[in-house]
Structures are given as C-alpha cells and as structure tokens.
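Single-structure report; data block below.
Chains as they are written, first to last, in our numbering: chain A, 2 to 200; chain B, 1220 to 1432.
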C-alpha cells in the first residue's frame, strides 16, 4: 500500500508550539508557504492544532473493536504521511487534542469535527471533538473504505484542511468514496505540503 | 462560547401555499456573507450530499421557507467524557411549508446545527440576514447521539420541544447573485442540487418533487 504524500522519514519532525506560532504569524501576514495555492488553514475556523504532536483518545462512546480501529487508522496515517506525530493517551484528559466519538449523527452527517476548546492564541484550536457515525458511513458500498476516509477527513479538518483544498483527490472529498483506491483514505501531496509547512 | 449551532425556528407562521415568490428584494448580502462566514467557523462535517430536489423531499422530514428573526444560545450535550457539543438557536418566521404540514402552524420548530467554540453569537445576531431561506430539516425530537447523553436546554426550549436539524447542504438563502448555502461551499454541492438554479426555481423544484407523476 503506497502512502500519498512526502516521505515522513526524510524530513524532520514538527516545529512545536513555538514553530507553529511563527508559521501562523507568517501566514497572517499573507506570506504563504510554497505549497499554499489555496488558504491554509482552510477549515472553517481558520485555526491550526496546537502543535505537531496530535494527542488523541477514544471516548467511552466506542464499544466495538471494529469501530475503535478506525480512528487509530487515521491517526497512524497522519503520523506516517506527514511531519505530524500521533500519540495515544488512552484515557481522555483535558489536554487531549483530538477526542474521538462514536455517535449517531442526524441529517446525513457522516462525520463531524468541532473545535471545542480555544485558548489564548487566536489562530489555534486547542482541542477538537471528532465524531464518526458508523451507521451513516455504512450506507451504500465500500463501508471499510468509507469509514477510514471520513476518519481521515475529520482529522484533516482538525489540523487545518478544508474540503477539496487541493482541487484534487484525497480524503477531504465530501461524501462516499468513489472507489476502493487508497487515494481516498490519504491526504493529497498538496495537503501534506500544507501540513508540513505549518507544523 | 461553544456552539453546536442550533437553529430554533420559533415559528411565526404566515401562510401555507407552496413555491410562490414574495417579491422580497435581494439586498443585505453583506450581512448574509458575514453571517455565513461566522456560523461556519469551527465546525466541519462530512455528509451525504443531497442529490437533487427529489432526494431532498425523500430525505427531509420538513422543508420550510422563511426568514431568520433571531439567533441565541441553544442546547448543550454532555457525555461521560465531558462536553460533546453545544448548539445555537435560530428563530425563523416561516412563510411556506413545502413538506411537513403535519406540524401545526403554531408549533415551534427547533433546529440543531453543528458549530463550535469559535462562533460569536453576538456577531451572528448583528449580521442576521434578511434574505429568505429554505431549510431542509430532519426531526431529532427523540434523538440521542450516544448512550448516556445529557441535554441542557436554554430558555424557551425543553425536553418537550419538537427538535429539528438541517441537512448540511440544506440551508439555502436567497442571495443577490443566486442561492447561498449556509454551511457548505458551492463546490461541495451535488450538481443537481442548489448550484444551478435561482432561489425561486429551487422552491419550484422542491414543490414539484412532492407531487411526482
């Protein structure tokens, strides 16, 4: 299975919080990164995660093992295909960056990411709640792929990505995966460039 | 504050009748742009897109046309792991009901929409758009996101209130240059839905879809 994006082993790890502040300040001045043909962060709150290490937990809403592996998949591939790192915290704590929920979402919503805690830094979201609705994701075909695509999608929002941010394929597409191809479960090279420039 | 945007359509019901134009002028788009930009902040969803008017009628419990009259705090939902989401309340004066007439005209309609800690309710209130809006709604009166979810209600809403939530691509304003979707970008709309028509044509399509041949 070929991962989309830069080789995570060939580049240094994240900048840390101070680095993010610098990058954010640069972006705020309109000096976009080389990868930035579009806006980044392009999620609707225009905020980055607080640093390159994405701590995460699965809340008590997860019961089924086949569901628990889905957020793990997304976190793993964020770590493997970008300069960000994933770090499981087991138990959710106040400082956890990404709290995953297994829930019944209404009105055809497959997954949701909400910035739930903001701190003193205007360009940063300190914590995101990420929710997956497996019943909605399992409508139609390619359920295994759909689950992982949406987990990748919502995690992407939490680190700053928008829908179709590159105009190309990747997990930031809305709705069902068009095929079982791995590209729909990964960030595009363009999106990886944004992430790596910011973290 | 945290907002898991809710729209509470506390209905100022005007008239039944489907699909007619009101003659409302398409002004105030500065407000509409500001409102849309603010209400989206911090909540991003992946959703099953509405394919076309027929799909909208098939999936929605209620479709109404109206105008927003107020925005305020909404419902908060907690679980064992803390706060899951909060909501905003939008109050809407309903002009037409395309489907869902089983809702009595005097019934309040309360709609929940996802939002975030980033949204400024005062900014939303200051930019409340005057444009007419189509809302495709899913009833969530008995809905609970997960076992053990606890609901905290704002003034005027309680456990007896009938609750609705809009489809992500199902809140469409009558913008100056065409329909404006409140929660998603035009590029995310299905080709057959809301992207290639005027507001009035969209209503006509929805009405027509309620009476398939």
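Every residue gets a Cβ at the ideal spot worked out from N, C-alpha and C, and that includes glycine. These figures come from a predicted structure and were not determined experimentally.
Exercise. Pick from A:58, A:150, A:95: whose alpha carbon is nearest that of residue 172 of chain A?
Worked result: Start at 1 with the first residue of the first chain, and residue 172 of chain A comes out as number 171. Cα-wise, what sits closest to residue 172 of chain A is A:150.
Problem set entry | the region 115-130 of chain A in contact with the region 1281-1294 of chain B per 3-pair CB rule at 8 Å | no
Exercise. Residue 1270 of chain B lies in the beta strand (DSSP E); which residues open and close that run?
Worked result: For the purposes of this step, residue 1270 of chain B is taken as residue 51 along the second chain, with counting starting at 1. Per DSSP, residue 1270 of chain B belongs to no beta strand (DSSP E) and is neither H nor E.
For this session: Pick helix, strand or coil for residue 1387 of chain B, following the three-state DSSP scheme.
Result: Taking the second chain and counting its residues from 1, one reaches residue 1387 of chain B at position 168. Correct three-state label for residue 1387 of chain B: strand.
For this session: Give the DSSP bridge partners of residue 153 of chain A, in chain order.
Result: Locating residue 153 of chain A in the first chain gives position 152, where the first residue counts as 1. In DSSP, residue 153 of chain A forms no bridge with anything.
Problem set entry | Cβ neighbours of residue 59 of chain A in the same chain (closer than 7 Å, five flanking residues each side left out) | Translated into positions along the first chain, residue 59 of chain A becomes position 58. Counting only Cβ-Cβ distances below 7 Å, and skipping sequence neighbours, we find 69, 72, 101.
Exercise. So which residues on chain B does residue 111 of chain A lean against when the C-beta distance must stay under 8 Å?
Worked result: Indexing the first chain from 1 puts residue 111 of chain A at position 110. Under the 8 Å cutoff, chain B gives 1264, 1265, 1266, 1267.
Problem set entry | Pairwise C-alpha distance: residue 1265 of chain B and residue 180 of chain A | Working through the first chain from its first residue, we reach residue 180 of chain A at position 179. Working through the second chain from its first residue, we reach residue 1265 of chain B at position 46. Distance between the alpha carbons of residue 180 of chain A and residue 1265 of chain B is about 17 Å.
Problem set entry | residue 1304 of chain B (DSSP reduced to helix, strand or coil) | The sequence position of residue 1304 of chain B within the second chain is 85, counting from 1. Three-state DSSP puts residue 1304 of chain B in a strand.
Exercise. Cα separation between residue 186 of chain A and residue 143 of chain A?
Worked result: Taking the first chain and counting its residues from 1, the one referred to as residue 186 of chain A is at position 185. Taking the first chain and counting its residues from 1, the one referred to as residue 143 of chain A is at position 142. Straight-line Cα distance between these residues: approximately 12 Å.
Exercise. DSSP on residue 1367 of chain B, reduced to helix/strand/coil?
Worked result: Stepping through the second chain from its first residue, residue 1367 of chain B is reached at position 148. DSSP places residue 1367 of chain B in coil when its eight states are reduced to three.
Exercise. Which residues in the same chain have their Cβ closer than 8 Å to the Cβ of residue 1278 of chain B, if we skip the five residues on either side of it in sequence?
Worked result: The residue you call residue 1278 of chain B lines up with position 59 of the second chain. Closer than 8 Å at Cβ, skipping near neighbours: 1269, 1355, 1357, 1386.
Exercise. Exposed or buried, residue 1246 of chain B, counting other C-beta atoms within 10 Å across all chains shown (16 or more means buried)?
Worked result: Reading the second chain from its first residue, position 27 is the one you call residue 1246 of chain B. Because residue 1246 of chain B carries a pLDDT of 43, less than 50, the predicted location of this residue cannot be relied on, and the following value inherits that uncertainty. With fewer than 16 Cβ atoms within 10 Å of its Cβ, residue 1246 of chain B is classed as exposed.
Problem set entry | Proximity of residue 1307 of chain B and residue 1334 of chain B at Cβ, strictly below 8 Å | Counting from 1 along the second chain, the entry for residue 1307 of chain B is found at position 88. Counting from 1 along the second chain, the entry for residue 1334 of chain B is found at position 115. Going by C-beta atoms, residue 1307 of chain B is nearer than 8 Å to residue 1334 of chain B.
For this session: Below 9 Å between beta carbons is the criterion; list the residues of the region 1272-1304 of chain B that meet it against any residue of chain A, in chain order.
Result: 1278, 1279, 1298, 1299, 1300, 1301, 1302, 1303, 1304
For this session: Just tell me which of A:163, A:177, A:182, A:178 has its CA closest to the CA of residue 191 of chain A.
Result: Position 190 of the first chain, counted from the first residue, corresponds to residue 191 of chain A. Nearest C-alpha to residue 191 of chain A: A:163.
For this session: Under the assumption that residue 1297 of chain B contacts residue 1381 of chain B (Cβ atoms under 8 Å), give the Cβ distance between them as a whole number of angstroms.
Result: Here residue 1297 of chain B refers to the residue found at position 78 of the second chain. Here residue 1381 of chain B refers to the residue found at position 162 of the second chain. The Cβ separation is near 22 Å, so there is no contact.
Exercise. Roughly how many angstroms lie between the CA atoms of residue 53 of chain A and residue 87 of chain A, to the nearest whole one?
Worked result: Here residue 53 of chain A is taken as the residue at index 52 of the first chain, counted from 1. Here residue 87 of chain A is taken as the residue at index 86 of the first chain, counted from 1. Going from the Cα of residue 53 of chain A to the Cα of residue 87 of chain A covers about 9 Å.
Problem set entry | C-alpha distance - residue 1316 of chain B paired with residue 1349 of chain B, whole-angstrom precision | Along the second chain, read from residue 1 onward, the residue named residue 1316 of chain B stands at position 97. Along the second chain, read from residue 1 onward, the residue named residue 1349 of chain B stands at position 130. Residue 1316 of chain B and residue 1349 of chain B: Cα-Cα distance of roughly 19 Å.
Problem set entry | Residues in the region 82-116 of chain A having any Cβ partner in chain B nearer than 9 Å | 93, 95, 100, 102, 103, 104, 105, 106, 107, 108, 109, 110, 111, 112, 113, 114, 115, 116
Problem set entry | Cβ distance (whole Å) where residue 98 of chain A is taken to contact residue 50 of chain A below 8 Å | By one-based count along the first chain, residue 98 of chain A stands at place 97. By one-based count along the first chain, residue 50 of chain A stands at place 49. Yes, they are in contact, since the Cβ atoms of residue 98 of chain A and residue 50 of chain A sit about 6 Å apart, within 8 Å.
Exercise. Does the Cβ of residue 136 of chain A have 16 or more other Cβ atoms within 10 Å, making it buried, or fewer, making it exposed?
Worked result: Residue mapping note: residue 136 of chain A aligns to position 135 of the first chain, counting from 1. Counting Cβ neighbours within 10 Å, residue 136 of chain A comes out exposed, since fewer than 16 surround it.
Exercise. Helix, strand or coil for residue 1328 of chain B per DSSP?
Worked result: Residue numbering aside, residue 1328 of chain B sits at position 109 when the second chain is read from its first letter. Note: residue 1328 of chain B maps to strand in three-state DSSP.
Exercise. In whole angstroms, what separates the C-alpha of residue 1376 of chain B from that of residue 1360 of chain B?
Worked result: Position 157 of the second chain, counted from the start, is the residue given in the question as residue 1376 of chain B. Position 141 of the second chain, counted from the start, is the residue given in the question as residue 1360 of chain B. When rounded, the distance between both Cα atoms is 12 Å.
Exercise. What residues in the region 169-194 of chain A bring their beta carbon closer than 8 Å to a beta carbon of chain B?
Worked result: 175, 176, 177
Problem set entry | Reference residue 156 of chain A, options A:193, A:114, A:196, closest by Cα | Taking the first chain and counting its residues from 1, the one referred to as residue 156 of chain A is at position 155. For residue 156 of chain A, the nearest C-alpha among the options comes from A:114.
For this session: Report the residues of the region 1399-1426 of chain B with a CB closer than 8 Å to any CB of chain A, ordered along the chain.
Result: 1403, 1404, 1406, 1407
Exercise. Which of helix, strand or coil does DSSP assign to residue 1311 of chain B?
Worked result: Your numbering for residue 1311 of chain B matches position 92 in the second chain. DSSP places residue 1311 of chain B in strand when its eight states are reduced to three.
Exercise. Short check: CB of residue 1210 of chain B to CB of residue 1413 of chain B, under 8 Å?
Worked result: With chain B running from 1220 to 1432 in the structure shown, residue 1210 of chain B is simply not present.
For this session: Measure the C-alpha to C-alpha separation of residue 134 of chain A and residue 1267 of chain B and round it to an integer number of angstroms.
Result: The residue labelled residue 134 of chain A in the question sits at position 133 within the first chain. The residue labelled residue 1267 of chain B in the question sits at position 48 within the second chain. Those two C-alpha atoms are separated by around 11 Å.
For this session: Go ahead and pull the three-state DSSP assignment for residue 22 of chain A.
Result: Along the first chain, read from residue 1 onward, the residue named residue 22 of chain A stands at position 21. Unreliable positioning characterises residue 22 of chain A in this predicted model, as indicated by a pLDDT of 40, which lies under 50. The coordinate reading is nonetheless provided below. Helix.
For this session: Check each candidate in A:197, A:116, A:177 and name the one with the smallest Cα separation from residue 158 of chain A.
Result: On the first chain, residue 158 of chain A is found 157 positions in, with the first residue counted as 1. The option with the nearest alpha carbon to residue 158 of chain A is A:116.
Exercise. If we cut at 8 Å on Cβ distances, does residue 142 of chain A have a partner in chain B?
Worked result: Taking the first residue of the first chain as 1, we reach residue 142 of chain A at position 141. Chain B contact via Cβ: absent.
For this session: Return no unless some Cβ of chain A is closer than 8 Å to the Cβ of residue 1346 of chain B.
Result: Position 127 of the second chain, counted from the start, is the residue given in the question as residue 1346 of chain B. By this cut-off, residue 1346 of chain B is not an interface position.
For this session: Label residue 194 of chain A either buried or exposed according to how many other C-beta atoms from any shown protein chain fall within 10 Å of its C-beta, with 16 as the threshold for buried.
Result: Your numbering for residue 194 of chain A matches position 193 in the first chain. Residue 194 of chain A should be labelled buried.
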